[in-house]
Amino acid sequence: LFESIDDPAVAHALFNRAAAWLRARGRSEIMGPIDYSTNYTCGLLVHGFQHPPTILNSHNPPYYEQLIESDGFTKAMDLFAWWLVDPARAVQRLRRFASALKNRQLPTIRPANLQQVGEESRRLREIYNEAWENNWGYVPFTPEEFAYMTKELKPLVTPELVLIAEINGEAAGFLLCVPDINQALRHVPNGRLTTFGLPIGLLKLLYHKRRVTRVRLVALGVVPKFRRSGVAEMLVLRIIEHAMLQRGYAGEASLVLENNHLMNRFMAAIGAEKYKTYRIYRRPID
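Here you go:
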């Protein structure tokens, strides 16, 4: 990722050094900010600075946009974060949609079985790679990569935040939410878990973790053969009803590609607000 003081000369020197490194390896373009691939943290925040950062999303000073664009970078893709302004209103709209599907076979929605996390992780990876295959910037998850991510996220998630949809016993889609642990981290001075050898920061983190009131919808994927079958709508209805309304969570859905028109229309239709924009830039290497 990119970090710089507010000085065009400093940013220019960094970009030139990166370009030289890439040129020596036969590359013809710089693209970013991207942490490994679009499966991870990516994009420069260009709109929505008044809102606090959310877990696993980038946050940067506003002047970065000018530093990057003044060095010849142009937009490659924007990604949006949607805020669920009124979950109760969203549920009403989703229930009306569900009633219109009563003559169809609705998916079975179940929480992930974290006692069989290896098998569930394999199933989620297969859904993800099939559902995201035609998305801009898609890079398939390897088994090892997804296993590592599962291990890292497992301490954060609970079964009701990881939902799997099945139709006739066949995996049709999944939804993954994570608690916004950033709310708790703000209470840890300087991000330090220990002070003079004492776990003061850790104790504060554990205390405030129980009081987190926001979640981030990180992934919502439906395999192509089951799209337009109500799978995504039923997954979102379930997470809002059982996690957000019952437990008092607020939340966002991110990141959504700007050219994912179906998902963006869906979020707008349930009353969500597009409240942050992240940008990935590109620049040819001279």
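Count the sequence shown with the working numbering and you get residues 441 to 726, in order.
Where is the CB? At the ideal position from N, CA and C, for every residue including glycine.
Everything numeric in this text was worked out from a predicted model, so none of it was measured.
At the C-beta level, proline 493 and cysteine 482 stay beyond 9 Å of one another. The straight-line gap separating the alpha-carbon atoms of glutamate 570 and alanine 449 is approximately 44 Å.
Note that the C-beta distance between leucine 615 and leucine 660 is below 9 Å. Check the Cα spacing between glutamate 606 and each of Glu713, Arg563, Asn699, His499: the tightest is with Arg563. The DSSP assignment places 514 to 523 as complete runs of the beta strand (DSSP E) inside the segment 494 to 539, in order along the chain (cut-off: 3 residues).
Of the candidates Pro502, Arg668, Met684, Glu692, Glu692 places its Cα closest to the Cα of arginine 656. Selection Ala708, Leu546, Leu685, Ala690 evaluated against valine 696 yields Ala708 as nearest (Cα-Cα). Taking all protein chains shown into account, glutamate 560 has 16 or more neighbouring C-beta atoms within 10 Å of its C-beta and is therefore buried. In this structure, arginine 529 lies away from isoleucine 679, with their beta-carbon atoms at least 9 Å apart.
Restricting attention to Val579, Ile495, Gln490, the CA atom closest to the CA of proline 501 is found in Gln490. Linking glycine 670 to methionine 589 through their CA atoms gives a straight-line distance of about 28 Å. At the C-beta level, methionine 674 and alanine 538 come within 9 Å of one another.
The C-alpha of phenylalanine 513 lies about 45 Å from the C-alpha of glutamine 686.
A direct Cα-to-Cα measurement between lysine 515 and isoleucine 567 gives close to 29 Å. Beta-bridge partners of proline 724 (DSSP): Glu469.
As for any alpha helix (DSSP H) of minimum length 4 sitting wholly inside the segment 662 to 714, the runs are 671 to 679, 701 to 709, ordered along the chain.
Note: glutamate 610 is bridge-paired with Ile607 in the DSSP secondary-structure output. With respect to valine 557, cysteine 617 sits apart: the two C-beta atoms are not nearer than 9 Å.
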